[in-house]
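In this note's numbering, the protein residues as written are 265 to 701.
Structure follows, in structure tokens:
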């Protein structure tokens, strides 16, 4: 009984590295929550700045903080997994070291999960803020404000949304039942870009989720390259596609056929009478449909690759029903017509003729750019020449005015001397006459 009384309702989890500028504000936003029955597990992942000292100061002042300090980094994704393993609460709430919560965040999510036990997890709307904590509009946040403030929808609609559009819930706003994580599995420490997306998908495969449509998370966004883990760079884009193939490979095997049908009913009904097939056949149909999905942009190549892999396994192991075999021509020969989508490269680009033409097109575009640039410079040169001529004219006028002014000054001095002589002449005459007497 004592253990149950002392058991925290919520485990707040944070893995952080080198966030001295923000981590104090983050910790304080957790300690300022109106809901107080929580433990705050912080993993300092080998910080080399002042983050460690800041965390220690807070930990010494508040017994709810359980801090762990690593001397060498294990990586934030591994840190996520580590904090989950340490959590003792009924609910787990994630936060990153540069974000901060509104005071009622925990209270409102706890109330929601208590009221609706069927829900596996919850997230909230966000306010996207800059480095100084000032709100950003949707354009300044590069679309993240609208992306993370997606309105509630049904279980199957969320499933479709996440597959086609990526994660629509900000990770630091998440609250999930500990029992759900125990069921679907902890964070995958090998995923750097999509660790939260992977967990969301595994939750959605079994449980509905619900969003609190109120901005209870202040999500800090750095638009410059390298500012956030997900900020754009070539490395991030390549790693994201690789991780997407891992995530979807695991996910599509686990999502129930009935739930998948509800999510992609439109595509399935266009080709199949789903209810007429066995479960094994429905699984096969699932991958046939994935191969044809065109509306997804961010991970389309990864989804197609997974679909082809699974279809190939079915053929290789002779797990093909006769009626599907006839309907979709799923044979080794027929399979070659399924794998011509340019997943790894655009086939046209490796054709010598096409490659040459593409190169010529590029050169043409480049020459057009140079021509346009030369026109701009010609215009600027013409303007400068005109300005130079006007300046020379002004200098000539100035020189003439100066010469005229100097001549006037000489004439003025002569007149002044003459005037002075005129005024002093009577006095000189009087003095001369006095001397003569």
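Glycine residues also receive a C-beta, built at the ideal position from the N, C-alpha and C atoms. Predicted model only: the values in this text are computed from it and were never measured.
In the three-state DSSP reduction, residue 296 falls in the coil class, being neither helix nor strand. A direct Cα-Cα distance of roughly 59 Å separates residue 665 from residue 400. Residue 442: not part of any beta strand (DSSP E); member of the alpha helix (DSSP H) spanning 442-448, first to last residue. Residue 271 and residue 351 have their C-alpha atoms some 10 Å from each other. Excluding sequence positions up to five before and after residue 517, its CB lies less than 7 Å from no other CB in the same chain. Counting C-beta atoms within 10 angstroms of its own C-beta, residue 502 has fewer than 16 neighbours from the protein chains shown and is therefore classed as exposed.
Among the bridge pairs identified by DSSP, residue 482 is matched with 364 and 391. Inter-residue distance for residue 683 and residue 662 is about 31 Å (C-alpha atoms, whole angstroms). Considering only 302, 281 and 327, the residue with the shortest C-alpha distance to residue 312 is 281. Here the region 537-554 does not lie against the region 432-450, with fewer than 3 beta-carbon pairs under 8 Å apart. Along the region 306-331, the beta strand (DSSP E) does not occur as any fully enclosed run of 3 or more residues. Linking residue 443 to residue 384 through their CA atoms gives a straight-line distance of about 9 Å. Taking each of 466, 290, 278 and 412 in turn and checking the Cα distance to residue 419, the smallest one comes out for 466.
At the C-beta level, residue 386 and residue 474 come within 8 Å of one another.
In the three-state reduction of the DSSP assignment, residue 439 falls in the strand class, which pools E and B. Judged by beta-carbon spacing, residue 455 lies within the 8 Å limit of residue 462, meaning their Cβ atoms are closer than that value.
Secondary structure note for residue 525: its alpha helix (DSSP H) is the uninterrupted segment 521-527.
DSSP places residue 515 in the helix class (H, G or I) of the three-state scheme. Between the alpha carbons of residue 431 and residue 422 lies a distance of about 10 Å. Secondary-structure assignment with DSSP links residue 376 through no beta bridge to anything. Looking from the CA of residue 342, the closest CA among 459, 326, 424 and 370 belongs to 459.
Listed in chain order, the non-local C-beta contacts of residue 298 below 8 Å within the same chain comprise 367, 368, 370 and 371, local neighbours out to five positions each way being set aside. Counting of Cβ neighbours within 10 angstroms places residue 660 among the exposed residues, the total staying below 16. For residue 409 and residue 289, the gap between their C-alpha atoms comes out near 21 Å.
A direct Cα-to-Cα measurement between residue 376 and residue 478 gives close to 13 Å.
Shortest Cα-Cα distance from residue 509 to any of 360, 564 and 314 involves 564. With contacts defined as CB atoms closer than 8 Å, residue 279 and residue 326 fail to qualify as a contacting pair. The beta-carbon separation of residue 528 and residue 424, rounded to 7 Å, stays under the 8 Å limit for a contact. For residue 355, the uninterrupted beta strand (DSSP E) segment begins and ends at 355-358. When the Cα atoms are used, residue 277 and residue 575 turn out to be separated by approximately 40 Å.
Considering only 274, 346, 374 and 406, the residue with the shortest C-alpha distance to residue 356 is 274.
Put simply, of 361, 426, 398 and 498 the residue whose alpha carbon is nearest the alpha carbon of residue 284 is 361. Restricting attention to 548, 699, 524 and 676, the CA atom closest to the CA of residue 426 is found in 524. Burial state of residue 457 is buried, judged by a 10 Å Cβ sphere holding 16 or more other Cβ atoms. Between residue 390 and residue 412 a beta carbon distance of about 5 Å is seen, short of the 8 Å cut, so the two are scored as contacting. By the CB criterion at 8 Å, residue 515 and residue 344 fall outside the cutoff.
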